[in-house]
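K.L.:
Residues 27 to 100 in the working numbering are what the sequence shown lists, from first letter to last.
By construction, the Cβ of each residue, glycine as well, lies at the ideal position given by its N, Cα and C atoms.
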Amino acid sequence: MIVCSCNVLSDKAVRSACASSAPRTTGQVYGCLGCSAQCGRCARTIRKIMNEALGAAGACPSGCACAAHAPQRD
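1) Suppose you measure from the CA of Thr51 to the CA of Arg73; what does that come to, to the nearest Å?
2) Around the Cβ of Ala45, are there at least 16 other Cβ atoms within 10 angstroms (buried) or fewer (exposed)?
3) Which parts of the segment 28 to 56 are runs of the alpha helix (DSSP H), unbroken and 4 residues or longer, counting only runs that do not cross its ends?
4) Using a Cβ-Cβ cut-off of 8 Å (strictly less than) and excluding sequence neighbours within five positions of Cys58, which residues of its own chain qualify?
Following this line, the structure appears as structure tokens:
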């Protein structure tokens, strides 16, 4: 699904950027994808996708180092 019509970014591209470089801001996501924010209407959706992707990876979406959000190790 296209989440940014200005830059024609898909949710898949955003998830891929989150998986490969773990950006902490929407601006960093744009940078990873070689573009920049235009109108900004997609920022909230991109943030939601980032939080989902980082949460699924076991990382804290806010970037903290708290034990509750640390990946589990055996």
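P.N.:
Straight from the coordinates:
1) Distance between the alpha carbons of Thr51 and Arg73: 8 Å.
2) Counting Cβ neighbours within 10 Å, Ala45 comes out exposed, since fewer than 16 surround it.
3) Complete alpha helix (DSSP H) runs here, min 4: 37 to 47.
4) Only Ala43, Ser46, Ser47 and Pro49 meet the Cβ criterion.
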